[in-house]
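One structure is given below, encoded as structure tokens.
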Amino acid sequence: MKNILLRLFLTFLKIGATTFGGGYAMIPIIRNDVVDHQKWLSEEELLEILAIAESTPGPIAVNVATYTGYKIKGFWGSVLATLGVVLPSFIIIFGISILYNYVKDNPYIAAAFMGIKAAVALLILTAGLRMLKKMKKTWYSIPVFIIITSALIVFDLFALNFSSVFLILGGAALGFFLFYLLPIIKKKTKKESDK
Amino acid sequence: MIYLLLFIEFLKIGLFSFGGGYGMLSMMKETVINRNWLSEAQMLDFIGIAESTPGPIAINMATFIGTAQGGILGGAIATLGVILPSFVIILLIAIILKNILQSKPFQAIMAGIRPVIVGLIVGTGLIFTYGLIGLKDVSTFSFDYKSLIIFVILAAITLAYPRIFKKRINPLILIAFSIFFGIALFAI
Chain A
674 MKNILLRLFL TFLKIGATTF GGGYAMIPII RNDVVDHQKW LSEEELLEIL AIAESTPGPI
734 AVNVATYTGY KIKGFWGSVL ATLGVVLPSF IIIFGISILY NYVKDNPYIA AAFMGIKAAV
794 ALLILTAGLR MLKKMKKTWY SIPVFIIITS ALIVFDLFAL NFSSVFLILG GAALGFFLFY
854 LLPIIKKKTK KESDK
Chain B
25 MIYLLLFIEF LKIGLFSFGG GYGMLSMMKE TVINRNWLSE AQMLDFIGIA ESTPGPIAIN
85 MATFIGTAQG GILGGAIATL GVILPSFVII LLIAIILKNI LQSKPFQAIM AGIRPVIVGL
145 IVGTGLIFTY GLIGLKDVST FSFDYKSLII FVILAAITLA YPRIFKKRIN PLILIAFSIF
205 FGIALFAI
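Those protein sequences? They're chains A and B, same order as listed.
Using the working numbering, the first residue of the first sequence is number 674, and each one after it goes up by one.
Using the working numbering, the first residue of the second sequence is number 25, and each one after it goes up by one.
What follows is the structure, given as structure tokens:
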């Protein structure tokens, strides 16, 4: 009984320690361990969890760990699997953050970071553009995308204090109204006019 | 009380971090700059480190910022804050709400959110890019042509890589290139 909890912890510890970059890069490694090796999930279940992960907040690896842990061993299974997947990055980053304060003023390290900054800006931009390419282009999504992108830049340039949380909540409210309430209202008024 | 503040701020970031990693960067940027925890340049350093180490970016960033503000306990509390929302939500889905994702209202809400997330990520990428080459503060106008050169070279590598190797460039390889050009242009 304890054995399976330990195995959940160790398997997700390994996944946490070997997945770089986060997001979709970790899926092949997760599949190899969780589906092929341990047989905790079927291929269909993994796909289903990935779909869930897409529409819930939080890193995919953490979502898969929580779900798998719960399925195999209930609440404590989910706690240990999640702890396992988080622990390696926590320890590594903790070590680096201590080191960072000592080395950041070294001229070579500082120069390396000048380069890294350019890479990071580019990585974020390409990830965003890739999502834009995949996004379904509709009368809703295109204007919203343009408004949000320009709003963010205006807030930044004029140093306005505005939280993106409100933009996300606004998108949620708009989606609920346009794609759920409005079709219901339309149906109702159509029925009444038919009478 | 720095611990409580870290916990609440990262709980908020964790709750709204859709879109796999990059989705929460605009919120994280607002938080760390408003709270004076990091400058925009330091934030880019941190993201670079988070990209080059294992584990999800959101967690790496939480550990890093938390540790810088409140030592190991601060790091642990920020990390706990950022994963708690997704932990609770996935647990609820696994236990009872399996069908909520297929429900019409939920799908309508997600359709409303999706383009917002794409806009947030593209916008953040653009902000970091023009900040990098010094175009943010036009009054001082400290144009950083070296960073622009590195950015253009890296963009060319990103575009050329799939044509040669038939797959997308691994972020780690891009970061290795960026370190090389950073040292070549800024230290030598």
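Glycine included, C-beta positions come from ideal geometry on N, C-alpha and C.
Nearest-angstrom beta carbon gap, residue j and residue i [assumed within contact, 8 angstroms]
i	j	result
A:Tyr743	A:Ile722	Not quite, the Cβ-Cβ distance comes to about 11 angstroms (not below 8 angstroms), so this is no contact.
B:Ser110	A:Asn736	6 angstroms
B:Phe34	A:Ile766	Not confirmed; about 14 angstroms, so no contact.
B:Ile137	A:Gly844	5 angstroms
B:Gly158	B:Phe152	The Cβ separation is near 12 angstroms, so there is no contact.
A:Gly788	B:Ile203	5 angstroms
B:Val142	A:Gly801	6 angstroms
B:Ser50	B:Ile199	Incorrect: roughly 21 angstroms between the Cβ atoms, too far for contact.
A:Pro945	B:Leu39	Any answer about residue 945 of chain A is impossible in this case: the structure gives chain A only from 674 up to 868.
B:Leu156	A:Lys790	6 angstroms
B:Ala132	A:Gly848	5 angstroms
Cα-Cα separation between residue i and residue j, rounded to whole angstroms
i	j	result
B:Ile145	B:Thr182	18 angstroms
B:Ile96	B:Gly90	8 angstroms
B:Leu68	B:Val56	12 angstroms
B:Ile124	B:Phe42	17 angstroms
A:Ser823	A:Trp713	45 angstroms
A:Asp706	A:Leu830	46 angstroms
A:Ile733	B:Gly72	20 angstroms
B:Ile113	A:Ala738	13 angstroms
A:Ile821	A:Met699	29 angstroms
A:Lys859	A:Ile702	47 angstroms
A:Ile826	B:Val140	14 angstroms
A:Asp867	A:Leu855	18 angstroms
B:Glu54	B:Ile37	10 angstroms
B:Pro195	B:Tyr185	12 angstroms
A:Leu720	A:Ala726	10 angstroms
B:Tyr46	A:Gln711	30 angstroms
Which residues DSSP lists as bridging residue i, in chain order
i	result
A:Pro701	DSSP, once it has assigned bridges, lists no residue as partnering A:Pro701.
Residue-chain proximity (residue i, chain C), Cβ-Cβ < 8 angstroms
i	result
B:Leu39	Protein chains A and B are contained in the structure displayed, whereas chain C is not.
Inset, instruction - Check each residue of the stretch 66 to 88 of chain B: if its Cβ is closer than 8 angstroms to any Cβ of chain A, include it; give the result in chain order. - result: Leu68, Asp69, Ile71, Gly72, Ile73, Ala74, Glu75, Ser76, Thr77, Pro78, Gly79, Pro80, Ile81, Ala82, Ile83, Asn84, Thr87, Phe88
Inset, instruction - Residues of the stretch 44 to 61 of chain B with a CB closer than 7 angstroms to any CB of chain A: list them in chain order, please. - result: Gly44, Gly45, Tyr46, Leu49, Ser50, Met51, Glu54, Asn58
Inset, instruction - Identify each residue in the stretch 743 to 761 of chain A for which the Cβ-Cβ distance to at least one residue of chain B is less than 7 angstroms, and report them in chain order. - result: Tyr743, Lys744, Ser751, Thr755, Val759, Pro761
Inset, instruction - Taking only runs that begin and end inside the stretch 783 to 838 of chain A, name each unbroken beta strand (DSSP E) of 3 or more residues, in chain order. - result: none
Inset, instruction - Determine which residues of the stretch 107 to 133 of chain B have a Cβ less than 8 angstroms from any Cβ of chain A, and write them out in chain order. - result: Ile107, Pro109, Ser110, Phe111, Ile113, Ile114, Leu115, Ile117, Ala118, Ile119, Leu125, Lys128, Pro129, Phe130, Gln131, Ala132, Ile133
Legend entry - Cβ-based contacts, 7 angstroms cut-off: residues of the stretch 178 to 201 of chain B near chain A: Leu178, Ala179, Thr182, Pro195, Leu196, Leu198, Ile199
Inset, instruction - Compile a chain-ordered list of the residues in the stretch 730 to 742 of chain A whose CB is closer than 7 angstroms to at least one CB of chain B. - result: Pro730, Gly731, Pro732, Ile733, Ala734, Val735, Asn736, Thr739, Tyr740
Legend entry - Interface residues of the stretch 138 to 152 of chain B facing chain A [CB-CB below 8 angstroms]: Arg138, Pro139, Val140, Ile141, Val142, Gly143, Leu144, Ile145, Val146, Gly147, Thr148, Gly149, Leu150, Ile151, Phe152
Legend entry - Entirely enclosed beta strand (DSSP E) segments - the stretch 80 to 155 of chain B, minimum 3 residues: none
Legend entry - Cβ-based contacts, 8 angstroms cut-off: residues of the stretch 678 to 689 of chain A near chain B: Gly689
Legend entry - Members of the stretch 833 to 855 of chain A that neighbour chain B once the beta carbon cut-off is set at 9 angstroms: Asn834, Phe835, Ser836, Ser837, Val838, Leu840, Ile841, Leu842, Gly843, Gly844, Ala845, Ala846, Leu847, Gly848, Phe849, Phe850, Leu851, Phe852, Tyr853, Leu854
Legend entry - Secondary structure, alpha helix (DSSP H): runs of 4+ residues fully inside the stretch 700 to 735 of chain A: 700 to 703, 716 to 727
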